[in-house]
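Data block below; observations after.
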Amino acid sequence: MSILLSLALAPQFPSPIVVGTPPPGVELLLIDSAPNANTALTLSSIGDMNGDGYADFASGDWGAWVGGQSNVGRCFVVFGAPGLAGRASLRLTDLDGTDGFVIEGDVLDARLSQAMGPAGDVDGDGYDDLLIYSAKVPDALGLRRDGFYLVRGGANVGASGVVSVASLVPPLGARIVPADSNSGPLVRARGVGDVDADGFEDFAVSESQFGAPLTSHPLGNPIDPGLAAGDLDLDGDVDLVVTCGNLQQFRVLWNDGTGQFAEVQHPWTGYPGKLTLADIDLDGGLDLVIQGFTPAGLARLSVVRNQLNGFFGPTTHYPMTEDGMDFDVFDVDADGFLDVAVSVYVKSSNVGSPNRLIVYRNDQAGHLVAGPSLTTPTKPTMVRTGDIDADGDADVGVYCRQNGVLKFYRNDGAGNLSAVPPQGGVSVGLVDNGFELGDLDGDADLDVVLGGVRVLPCTGSITFGTLSNPYVSGPPYRFQLGDFDLDGDLDVLSAGGNLQGGAEFLVSVNAGNGDLSGYRPSASGSTVGYQLACADLDGDGDLDMATIGSGGPNSRQLTLGFNVGNGSFHGPGAGRVHVVRGGATLAAVALLDLGTPTPGSTFTIVGLHSLHSIGGGAAASGDLNGDGIADFSFAARGGVEGPRGSGSRIVLFGAPGLGLASPVDLGALDGTTGFEVRDTADAAGVGGATVGDFDGDGHDDLVVAAADARYPGFVRIGGAYVVFGGPGVGAGGLVSLMAPDGNAIAHFRSTQDADNTPGVQFACADLDGDGRVELVLGASGHDEQLNDRGAVFVVYGAARPLAAGAIPLTQLDGGWGFRLLGERASDTFGARSVAVGDVDGDGLEDVVLGDDEWSLASQSGRAFVLFGQSNGVPEPYCQAKLNSLGCTPAISWAGQLPSVSDPDAFLVTASGVLNQKNGLLFYGLSGRGSATFQGGTLCVRQPVRRTGVQTSGGSTVGDDCSGTFSFDFSAWLDSGIDPNLAAGITVDAQYWSRDPQASFTSSLTGGLEFEIGL
């Protein structure tokens, strides 16, 4: 049984096909360039650019020399035409404006055509347009930037044969440049269809490296610094305070309201450390509460008064007799004045430590008075406060590191604390990075969160459930709780340490029920996490991050990360996609600056975090959900919630006015607005995607690359997934590729290491006209018989169900698909495959296959147009009758495959027949035959129809087997003599001729079966 459970009716192409020497019946048009030029460094479909009804395509040579300058770049546009299928080759450098034209860059290192994409008919004039990348697109100030040129189609486009990008001004074209100084290069651009249902096709431009940089502030080299955030000057924005213990100072960073800070240093006697901002004297200003040490090394608590005018003082010190302490601020007695819980211990000895918890009560004049001590099980290295039991007053928890337990103290409502059983505390193991209290599951009790995002859920009345396993790979240096994604529940921000996905910090996103397994990683480019504070630093309503980390050898720096509103932080690598709405007004646009577009003319989608890297391989996705509106997709290297390299494909459903009323939130995809396609380590979707109806059910399907696909015994062999479309596709917002079942998801893979399947570009095209697209998947590293010769695997579209699991591509034998092979070793054929539409007007889609590493003398690169064909290659069958001279007459064919729309000759021939004898071709439409007939085999099932009598020719003297017959079946078809001949009809044919010395005085060839194409 086939690994496809449903097959095409008959193979249309033989397998394998070596591209340099294709077998008869396979139409391959060779495309190359003049010496010292490159072909197929990039390839793109276009659509119908000149409006003649034939599909056009483009080939790029971004390294081309122009005007004596290197890497200027050229783009060759080839016009489709009915005669292309009959040509053996086409030289791009000979395009003269009638069969295509050349677009040239204008400056050194412009690298024009390093990326290209079809735009669609963006201005509604009936002609398709083209997007071409250049590294040197001039902006409004004349500065050269990475961007794109929009080349508008028209009846006379390229008529001169050569077009310079400098001439691409209205109405011929436009320039597209990035938004601002934080923009990454514009790396991809292509049409996505009419995603907003306004009647005009739109296009997307992507920046995979976009991300506003994190702000850094040098601090020198403070040891054990402290950090806190709050509005110190009552101007409505958040300021920062940093303590620098060994430098004997604290620093105030005054916020100017935009997240920019000016520093003022304040001297300090002793060594300040951890600090908190709290209004101890209840004058409306935040005072500084500092844990530190005296010059003699003893612990002390200090309160520095805020004078509300930019000055601080006086300072009140509360010395301890121990050398270790921690503290937290709370209102223990509910009198409206803030008190301080202090845990103290002796760091230098395990014996004789007081191990005390002391509450310093506020005397309502801003002075703190020590209350009685409570004994803790062992050294209380950390203390936190909060209403743990949800009874309306603040309780206390301490962590005793020596034996790894949490000990809790219940408030009786009057400010009196008593120990909560068990006596020895709750065991949680070693904790180096603190604990926090917060209601994660919405039950009003405060749960305990430990480093590594381990959660000890409170089950009521200060009793606890089971400690969860870590959600992040390793313990962070610091973490804090807060509603980072503005959904009303507490999330966890972890900074520093061995975090998932190689992140420097990440937000563990609360699902609303305390589940923190989802996360959004970010990168800062530097070590972070010695201290951490969270507040709205830029005044936009969400929690931002300030952290102290390494600034280089023997130095520290303050790093600020600004939340984009969903728990992700600015940083390089988030990526974004600009969708430009089509419209008639685009015809008059000379410069499209994505930073200052006309209102409503674009919308922008921003990556969720700095490892998201969205935007690569933006592509139209047809109508996946069957609602009649175009959808589109793009790659994300990190996934919505996943590390860089996991890879995903994000699909957005088109909708009327998409992106107008509200931004597109990639964190809120729920299956109604779109969905994410994800695997764990295949880099699924990163290499691109394409679309077409593979199973013929009337709904477009999504084909997703998996360039890093791994299987037991193989490394990075690559593959592709088909996600079948239809109503309900992507329900729930996530499509996992982990278990392809052949019904919802199919998976095709190579079977060789480093095959590089499915290539830089791959395609879907209905090559055989059966209404189902074929998958065209490159494998430039394929080693069949020759090392790195490369291959292209073509899988015929088929109805579901397909086989479950991974379907090996190397079993393509012509039955359910075929493969094309590079001509020589190291050709790496197949890196690029592009569906270009119907370039020769025969009603069948065609593809262009790149062979850019091929070289011969001074020529470099080539490509082939593989023309679609609805009929298979004619197939000889059945045994011929041995003639009286011992020769076996052979039936064969030559010319073009028979087609109702192609008048070119299709010759059915016979050779090895007796010379100077009469004969004829007869045929039937009822299938193959095998009946005994005149001493041989009648290979055609009755009824049969005879054509005219021919003479075999050959030698004019003697008897030999030099005779031949030839019959042009295309001419017979065009004559209309037989009205039963039509597209899709299978014909079985055989030659009969005279052989006077043979039984029944006749000779018979074998049979030839062929199908009449469209």
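In our numbering, the protein residues as written are -1 to 1012.
Where a beta carbon is used, it is the ideal one built from N, C-alpha and C, also for glycine.
- Task: Just confirm the distance between the C-beta atoms of residue 700 and residue 744, as a whole number of angstroms; I'd bet it's less than 8 Å.
- Result: Here residue 700 refers to the residue found at position 702 when the sequence shown is read from its first residue. Here residue 744 refers to the residue found at position 746 when the sequence shown is read from its first residue. About 11 Å separates the CB atoms of residue 700 and residue 744; that is not less than 8 Å, and the two are not in contact.
- Item | Buried versus exposed call for residue 221 [16 or more other C-beta atoms within 10 Å across all chains shown] | Taking the sequence shown and counting its residues from 1, one reaches residue 221 at position 223. It counts as exposed.
- Item | Simplified DSSP assignment, three categories, for residue 972 | Along the sequence shown, one-based indexing puts residue 972 at 974. Three-state result, residue 972: helix.
- Taking all protein chains shown into account, decide if residue 167 is buried (16 or more other Cβ within 10 angstroms of its Cβ) or exposed. For the purposes of this step, residue 167 is identified with residue 169 of the sequence shown, where counting begins at 1. Counting Cβ neighbours within 10 Å, residue 167 comes out exposed, since fewer than 16 surround it.
- Query: In whole angstroms, what separates the C-alpha of residue 231 from that of residue 490?
  - Reply: In the sequence shown, counting from the first residue as 1, residue 231 sits at position 233. In the sequence shown, counting from the first residue as 1, residue 490 sits at position 492. Spanning the two alpha carbons is a distance of roughly 29 Å.
- Task: Go ahead and label residue 488 buried or exposed: buried means 16 or more other beta carbons lie within 10 angstroms of its beta carbon, across all protein chains shown.
- Result: Position 490 of the sequence shown, counted from the first residue, corresponds to residue 488. Taking all protein chains shown into account, residue 488 has 16 or more neighbouring C-beta atoms within 10 Å of its C-beta and is therefore buried.
- residue 909 - partner residues in DSSP beta bridges: By 1-based counting over the sequence shown, the position of residue 909 is 911. DSSP lists 888 and 962 as the bridge partner or partners of residue 909.
- Roughly how many angstroms separate the alpha carbons of residue 345 and residue 227, rounded to a whole number? Taking the sequence shown and counting its residues from 1, the one referred to as residue 345 is at position 347. Taking the sequence shown and counting its residues from 1, the one referred to as residue 227 is at position 229. Whole-angstrom Cα-Cα distance: 29 Å.
- Query: Is the Cβ-Cβ distance between residue 75 and residue 99 less than 9 Å?
  - Reply: Within the sequence shown, numbered from 1, the residue matching residue 75 stands at position 77. Within the sequence shown, numbered from 1, the residue matching residue 99 stands at position 101. At a Cβ-Cβ threshold of 9 Å, residue 75 and residue 99 count as neighbours.
- Beta-carbon proximity of residue 731 to residue 669, cut-off 9 Å: Position 733 of the sequence shown holds residue 731. Position 671 of the sequence shown holds residue 669. It is a contact, given that the beta carbons lie within the stated cut-off.
- Message: Could you tell me which whole alpha helix (DSSP H) segments of length 4 or greater appear in the stretch 126 to 200?
- Response: For the stretch 126 to 200, not a single whole alpha helix (DSSP H) run of length 4 or above is found.
- Item | Inter-residue spacing [alpha-carbon to alpha-carbon] between residue 895 and residue 1011 | Reading the sequence shown from its first residue, position 897 is the one you call residue 895. Reading the sequence shown from its first residue, position 1013 is the one you call residue 1011. When the Cα atoms are used, residue 895 and residue 1011 turn out to be separated by approximately 8 Å.
- Item | Given residue 1019 as reference, the closest of 985, 1001 and 841 once Cα atoms are compared | There is no way to answer for residue 1019, as the model of the chain reaches only from -1 to 1012.
- Where residue 90 falls: helix, strand or coil (DSSP): Taking the sequence shown and counting its residues from 1, one reaches residue 90 at position 92. Of the three classes helix, strand and coil, the one that applies to residue 90 here is helix, per DSSP.
- Backbone secondary structure at residue 368 - three-state DSSP: If you number the sequence shown from 1, residue 368 lands on position 370. Residue 368: strand per DSSP, three-state reduction.
- Task: Mind checking who residue 405 pairs with in its DSSP beta bridge?
- Result: Residue mapping note: residue 405 aligns to position 407 of the sequence shown, counting from 1. Per DSSP, 396.
- Message: Residues in the same chain with beta-carbon distance under 6 Å from residue 272, minus the five sequence neighbours each way, listed in chain order, please.
- Response: Reading the sequence shown from its first residue, position 274 is the one you call residue 272. Annotation for residue 272: 224 and 289 place their beta carbon closer than 6 Å to its own, counting only its chain and skipping 5 residues before and after.
- Message: Just to confirm, is the Cβ distance from residue 604 to residue 573 under 9 Å?
- Response: Locating residue 604 in the sequence shown gives position 606, where the first residue counts as 1. Locating residue 573 in the sequence shown gives position 575, where the first residue counts as 1. Contact: yes.
- Task: Quick one: grab the DSSP three-state call for residue 82.
- Result: On the sequence shown, residue 82 is found 84 positions in, with the first residue counted as 1. When DSSP states are grouped into helix, strand and coil, residue 82 belongs to the helix group.
- Message: Could you check whether residue 577 and residue 560 sit closer than 9 Å to each other, using their CB atoms as the reference points?
- Response: If you number the sequence shown from 1, residue 560 lands on position 562. If you number the sequence shown from 1, residue 577 lands on position 579. Between residue 560 and residue 577, the C-beta gap is not smaller than 9 Å, which leaves the two residues out of contact.
- Query: Do residue 565 and residue 505 come within 9 Å of each other at the CB atom, strictly closer than that value?
  - Reply: Taking the first residue of the sequence shown as 1, we reach residue 505 at position 507. Taking the first residue of the sequence shown as 1, we reach residue 565 at position 567. The Cβ-Cβ distance between residue 505 and residue 565 falls below 9 Å.
- List in chain order: all unbroken alpha helix (DSSP H) runs of 4+ residues lying wholly within the stretch 817 to 862. The DSSP assignment places no complete run of the alpha helix (DSSP H) inside the stretch 817 to 862 (cut-off: 4 residues).
- Message: What ranges does the beta strand (DSSP E) occupy inside the stretch 291 to 360, keeping only unbroken runs of at least 3 residues that lie completely in it?
- Response: Runs found: 297 to 304, 310 to 317, 322 to 328, 337 to 343 and 354 to 360.
- Separation of residue 620 from residue 383, as counted between CA atoms: Within the sequence shown, the letter at position 385 stands for residue 383. Within the sequence shown, the letter at position 622 stands for residue 620. C-alpha separation (whole angstroms): 55 Å.
- Item | beta strand (DSSP E) segment containing residue 543, residue limits | Within the sequence shown, numbered from 1, the residue matching residue 543 stands at position 545. Start and end: 542 to 550.
- Are three or more beta carbon pairs between the stretch 154 to 163 and the stretch 538 to 546 nearer than 8 Å? Judged by Cβ distances under 8 Å, the stretch 154 to 163 makes no contact with the stretch 538 to 546, as fewer than three pairs qualify.
- Quick one: residues in its chain with C-beta nearer than 6 Å to the C-beta of residue 1013, no 5 flanking neighbours on either side, listed in chain order? Not covered by the structure: residue 1013. The range shown for the chain is -1 to 1012.
- What whole-angstrom Cβ distance do residue 109 and residue 31 have, given they're in contact under 8 Å? Here residue 109 corresponds to residue number 111 of the sequence shown, with the count starting at 1. Here residue 31 corresponds to residue number 33 of the sequence shown, with the count starting at 1. That belief does not hold up - the Cβ atoms of residue 109 and residue 31 are roughly 17 Å apart, past 8 Å.
- State buried or exposed for residue 114, treating a residue as buried only when at least 16 other CB atoms are found within 10 Å of its CB. For the purposes of this step, residue 114 is taken as the residue at position 116 of the sequence shown. Buried: at least 16 other Cβ atoms inside 10 Å.
- Apart from the five residues on each side of it in sequence, which residues of its chain come closer than 6 Å, Cβ to Cβ, to residue 832? Within the sequence shown, numbered from 1, the residue matching residue 832 stands at position 834. Once the five neighbours on either side are set aside, the close Cβ partners of residue 832 are 41, 43, 759, 761 and 846.
- Task: Taking residue 909 and residue 890 to be in contact with their CB atoms under 8 Å, please state how far apart those CB atoms are, rounded to whole angstroms.
- Result: By one-based count along the sequence shown, residue 909 stands at place 911. By one-based count along the sequence shown, residue 890 stands at place 892. Correct: roughly 7 Å between the Cβ atoms.
- Item | Cβ neighbour criterion (16 or more within 10 Å) applied to residue 103 | In the sequence shown, the residue the question calls residue 103 occupies position 105. Burial call: buried.
- Using 10 angstroms around the beta-carbon of residue 860, count the other beta-carbons present and answer buried if the total reaches 16, otherwise exposed. Start at 1 with the first residue of the sequence shown, and residue 860 comes out as number 862. Note on residue 860: 16 or more other CB atoms within 10 angstroms of its CB, so buried under the neighbour-count rule.
- Cβ distance (whole Å) where residue 128 is taken to contact residue 56 below 8 Å: Counted from its first residue, the sequence shown places residue 128 at position 130. Counted from its first residue, the sequence shown places residue 56 at position 58. Rounded, the Cβ-Cβ distance is 6 Å, consistent with contact.
- Query: For residue 457, which residues from the same chain have a beta carbon less than 6 Å from its beta carbon, with the 5 sequence-adjacent residues on both sides left out?
  - Reply: The residue you call residue 457 lines up with position 459 of the sequence shown. If the five residues before and after residue 457 are omitted, its C-beta is found closer than 6 Å to the C-beta atoms of 463, all from its own chain and listed in chain order.
- Message: Between the alpha carbons of residue 934 and residue 878, how many angstroms are there, rounded?
- Response: Numbered from 1 along the sequence shown, position 936 holds the residue referred to as residue 934. Numbered from 1 along the sequence shown, position 880 holds the residue referred to as residue 878. Approximately 7 Å between the Cα atoms of the pair.
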